[in-house]
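Colleague: Let me give you the structure first, and then I'll get to my questions.
There are 2 protein chains.
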Amino acid sequence: MKNHQVTIVDIARELGISKSTVSRALTNSTNILPETRAAVLKKAKELDYQPNMLALGLIRNESRTLGVVIPDIQKPFFAAIVSGIQHTVSRIGYRIVIAQSDESPLEEKENIKALMLSRVDGFIVCHTRDTKDFEHIKLLHSKGYPLVSFARICPELPIPKVVEDDFNGLYTTTQHLIEQGKKRIALLAGPRQLLASKLRVNGYKVALQQHGIPFDKELVVHTKFLHDQVAAALERWLNLKHPPDGICTVYDAGAVKLVELLKKKGIKIPHEMAVAGFGDDPAASIIEPGLTSYAQKPYEIGVIAGKYMLDLLNKKYPVHHSDMTICKGSLVVRGSSR
Amino acid sequence: MKNHQVTIVDIARELGISKSTVSRALTNSTNILPETRAAVLKKAKELDYQPNMLALGLIRNESRTLGVVIPDIQKPFFAAIVSGIQHTVSRIGYRIVIAQSDESPLEEKENIKALMLSRVDGFIVCHTRDTKDFEHIKLLHSKGYPLVSFARICPELPIPKVVEDDFNGLYTTTQHLIEQGKKRIALLAGPRQLLASKLRVNGYKVALQQHGIPFDKELVVHTKFLHDQVAAALERWLNLKHPPDGICTVYDAGAVKLVELLKKKGIKIPHEMAVAGFGDDPAASIIEPGLTSYAQKPYEIGVIAGKYMLDLLNKKYPVHHSDMTICKGSLVVRGSSR
DNA sequence: AACATTCCCGCAACCGTTCCCGCAATTTCG
DNA sequence: CGAAATTGCGGGAACGGTTGCGGGAATGTT
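Chain order of the listed sequences is S and C.
Residue 267 in the working numbering is what sits at position 267 of the first sequence, and the numbering runs on without skipping anything.
Residue 347 in the working numbering is what sits at position 9 of the second sequence, and the numbering runs on without skipping anything.
Following this line, the structure appears as structure tokens:
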């Protein structure tokens, strides 16, 4: 069975030449007699020779493998990004190994450590919701590892980044609800410490401000993306003296949950309460009424992150290159607001 | 920067001992003076030594990396399986590199070839819908590679397999529709050549037969999972002299599409037409009415496939071990049939 | 005190490949 | 026609580890 893989030494022995010559025939095009090379190639095919990339990697000190650290591959958002990364880098002969942090900062750290041991050539990372300590990734950076981060980034690190258009997303959706005649718009926000979360809240605030609507902090609820928190937020809003007539959310799953709750309560969507989401998840077009949502292109984010990584690997950038691509999205208007 | 990684030789030089001693201190617990080992460990930590797994892999002829070849990571089904695999094997120190075939048999072949070159230790594979030629994977098997396949399998290959309960799934859903009083049940099936597809059609047939309902081949439409084909199938059924009063499908996306089309036509669900799906996708619980669907546990499939692989790697099985786990699912009944 | 035994450690080979260096044979050129 | 340049190939070091073997010192046994 798998007792002995064919090596260049085997080829050399069979042909009665040295392994250096075999190596030259298979790689370097110079300093080799065409007939010799032909003989080697023929014998290589005959023996079904497969070069051992581990040995090559040992010499070159590279594995042609990239580590991709994400919270959860089962989220459509991350799955699409992984897909984009894989398609992009595999064309240049890179492989990706994926590790899930399951939203645990500790697991994120462990994963990065493990990937370092297996000598990946670079890292593409999206941090946990709760990652506050960025020492592990700064260490990576200080060791000179090519590093790209996306979506949930560490702003102070001078590395390429790819993010969604958090600000504009909420700015656009909020403005849209205002244009639909809504006067009092609530916001179902994300965790406070998350940068993306802050940006989205800002987009919401600026849109209100530009239309002369006062900001009311009673209308903003920060969540950790948990279902119960959504229900609680809705209860709170409905019990206000002046309840809202529209709700923006920073994630579709929350918006979907809201729509379900509102329907159960018999509150008419969008007339009594408009709802808008963020992400344009598959669910947005399935639920009824359709969910107005700011569509992003996670696959594109993956492609861009992959390209950044390839550029880093090819040393196209100076050492401390800090570039950031903000992926523009677009508002998909559906029945929940129209 | 990344000029020179610390090696055991560096440690040896600093301590004035030989590299074999360092190696023994770091691995072998025997034949080493405790003080020496302590000194080595201390120095290793001090220099932040990271063992080079490539070098180790070269010696052991293994990479502790598994190749996972799937059609499309963006499908929730595959994403969940990948998640299960990753969680299972990473606890034993294995990494997974994923490659997408995008449902192209050629790409599937190329991916496997590329993964072979990078010396993965084993393969976990789900074939393309259109894979008819299994030579590439038989080659893998004949070379002695640990091999596990799932969902879309090659039945003749004596390797561990993990599949959904295709037969029972459709048997159960069909029977359920019959119990709901449906007399004429159509079937939206998958591609003819797919084994899983055949099994599901059989489940449907047997359920009909056991309840004395004649099989009518006009009521069965084979698709390649395309949306237009769903619409065409529905048209055809509705134009029959005796249209069906219930539809079973072999995939949720098709069932969801059917529900949407039926609603657009004003046909009452489930009274005039019941619908059932397969897979219990997230969409099934979001759409209205809720979609009755045979729930499978893709994450579990991944876990089992991962365990099979670990067993193979540990040589727990004889060479031609051919085991198959059929993952039982359960029918989730919702408004589309009740 | 002489010998056997144990215990640490260093030497060197090895995994599969690349690549530099040098040697011999052939070709080029004055 | 002889020196120089070129060409094709083999030898061997290197990449970063592991491991069998053997040597020398310390210890144990009569």
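In this text, a Cβ means the ideal position worked out from N, Cα and C, and glycines have one as well.
Remember, it's a predicted structure, so these values are computed and weren't measured experimentally.
Whole angstroms is fine: what's the gap from L15(S)'s alpha carbon to A25(S)'s?
Modeller: So the alpha carbons of these two residues sit roughly 13 Å apart.
Colleague: Just tell me which of S23(S), Q5(S) and E260(S) has its CA closest to the CA of A12(S).
Modeller: That would be S23(S), whose Cα lies nearest to the Cα of A12(S).
Colleague: Is any beta-carbon of chain C found at less than 9 Å from that of D72(S)?
Modeller: It does; some Cβ of chain C falls within 9 Å.
Colleague: On the premise that I355(C) lies in contact with P636(C), defined as a C-beta separation below 8 Å, what is that separation, rounded to the nearest angstrom?
Modeller: The pair is not a contact, with the Cβ atoms about 52 Å apart (cut-off 8 Å).
Colleague: Looking at C-beta atoms only, is the number of pairs between the segment 491-507 of chain C and the segment 553-572 of chain C that lie closer than 8 Å three or more?
Modeller: They do not touch, by the three-pair rule.
Colleague: For the alpha helix (DSSP H) containing T21(S), name the first residue and the last one.
Modeller: Counting along the chain, the alpha helix (DSSP H) containing T21(S) begins and ends at K19 to L26.
Colleague: From L312(S) to P318(S), what does the alpha carbon distance come to, in whole angstroms?
Modeller: Rounded to whole angstroms, L312(S) to P318(S) spans 9 Å at the Cα level.
Colleague: Check whether the segment 610-624 of chain C touches the segment 508-516 of chain C, taking contact to mean three or more Cβ pairs, one atom from each stretch, closer than 8 Å.
Modeller: Flag = yes, the segment 610-624 of chain C and the segment 508-516 of chain C touch.
Colleague: With a Cβ-Cβ cutoff of 9 Å, do R433(C) and L404(C) count as a contact?
Modeller: Taking 9 Å as the Cβ cut-off, R433(C) and L404(C) qualify as a contacting pair.
Colleague: With respect to the beta strand (DSSP E) encompassing Q100(S), which residues constitute its N-terminal and C-terminal limits?
Modeller: Unbroken beta strand (DSSP E) run through Q100(S): R95 to Q100.
Colleague: Exposed or buried, what is E391(S) when buried is set at 16 or more other beta-carbons lying within 10 Å of its beta-carbon?
Modeller: Residue 391(S) is absent from the model: chain S starts at 1 and stops at 338.
Colleague: Let's test the definition: count the other Cβ atoms within 10 Å of the Cβ of A621(C) and tell me whether it reaches 16, buried, or not, exposed.
Modeller: Classification for A621(C): buried.
Colleague: Go through its chain and collect everything with a Cβ distance to T663(C)'s Cβ below 6 Å, but skip five positions before and after it.
Modeller: Here the set comprises V500 and I642.
Colleague: Would you please verify whether the beta carbon of P620(C) is less than 9 Å from any beta carbon of chain S?
Modeller: Interface residue, yes.
Colleague: Let me make sure I understand the geometry here. Which of S83(S), G246(S) and P71(S) has the alpha-carbon closest to that of K109(S)?
Modeller: The option with the nearest alpha carbon to K109(S) is P71(S).
Colleague: Under 9 Å between C-beta atoms, does I624(C) make it to chain S?
Modeller: It does: the Cβ of I624(C) has a partner Cβ on chain S nearer than 9 Å.
Colleague: Keeping to the same chain, check which residues put their C-beta closer than 7 Å to that of N31(S); ignore five residues upstream and five downstream.
Modeller: R24.
Colleague: Please report whether the beta-carbon of S668(C) lies at a distance below 9 Å from any beta-carbon of chain S.
Modeller: Chain S, which has no Cβ nearer than 9 Å to the Cβ of S668(C), makes this no.
Colleague: Hey, is the segment 119-139 of chain S in contact with the segment 463-474 of chain C, meaning 3+ C-beta pairs nearer than 8 Å?
Modeller: At 8 Å Cβ cutoff, the stretches do not touch.
Colleague: If contacts are defined as beta-carbon pairs under 8 Å, then G169(S) and Y294(S) qualify, I think. What distance do you get, rounded to the angstrom?
Modeller: Right, the Cβ-Cβ distance comes to about 4 Å (below 8 Å), so this counts as a contact.
Colleague: Whole angstroms are fine: how far does the CA of H425(C) sit from the CA of E626(C)?
Modeller: If I take the Cα positions, the gap works out to 34 Å.
Colleague: Compute the beta-carbon to beta-carbon distance between S401(C) and V458(C), rounded to the nearest angstrom, for a pair I have assumed lies under 8 Å.
Modeller: That pair is a contact at about 6 Å.
Colleague: Check the Cβ of M382(C) against every Cβ in chain S and list those closer than 7 Å, keeping chain order.
Modeller: According to the sequence as given, residue 382(C) is Ala; it is not Met. The contacting residues do not exist; A382(C) stays about 13 Å from chain S at best.
Colleague: Going by DSSP in three states, F461(C) sits in which element: helix, strand or coil?
Modeller: Of the three classes helix, strand and coil, the one that applies to F461(C) here is strand, per DSSP.
Colleague: Report buried or exposed for K520(C), applying the criterion of at least 16 other Cβ atoms within 10 angstroms of its Cβ.
Modeller: Buried, by the Cβ-count rule.
Colleague: Inspect the beta-carbon positions of R192(S) and F167(S) and report whether they are closer than 9 Å.
Modeller: Contact: no.
Colleague: Helix, strand or coil: how does DSSP classify Y294(S) here?
Modeller: Y294(S) falls in the strand class under three-state DSSP.
Colleague: Below 8 Å on the Cβ atoms is my contact criterion, and I expect A437(C) with R490(C) to pass it. Report the Cβ-Cβ distance as a whole number of Å.
Modeller: With a Cβ gap of about 15 Å, A437(C) and R490(C) do not count as contacting.
Colleague: What are the start and end residues of each continuous alpha helix (DSSP H) run of 4 or more residues lying completely inside the segment 227-308 of chain S, in chain order?
Modeller: Qualifying alpha helix (DSSP H) stretches, in chain order: 227-238, 252-264 and 282-286.
Colleague: In chain S, what lies closer than 8 Å to Q438(C) by C-beta?
Modeller: What Q438(C) touches in chain S: S83, Q86 and H87.
Colleague: Below 9 Å between beta carbons: does that hold for P582(C) and R676(C)?
Modeller: No, the Cβ-Cβ distance between P582(C) and R676(C) is not below 9 Å.
Colleague: Counting only the same chain and skipping the five closest in sequence on each side, list residues whose C-beta sits under 6 Å from that of G335(S).
Modeller: If we look at G335(S) and ignore the five residues flanking it on each side, its Cβ neighbours are P289 and G290.
Colleague: Taking P270(S) as the reference, which of C248(S), F278(S), D281(S) and G279(S) has the closest Cα?
Modeller: Nearest C-alpha to P270(S): C248(S).
Colleague: Could you please tell me which residues of the segment 49-74 of chain S, in chain order, have their CB closer than 8 Å to any CB of chain C?
Modeller: Per Cβ criterion, the list reads Q50, P51, N52, M53, L54, A55, G57, L58, N61, S63, R64, T65, D72, I73 and Q74.
Colleague: Which residues, taken in chain order from the segment 450-469 of chain C, show a beta carbon closer than 7 Å to some beta carbon of chain S?
Modeller: The residues in question are M454, L455, S456 and R457.
Colleague: Classify K205(S) as helix, strand or coil using the three-state DSSP reduction.
Modeller: Helix at K205(S).
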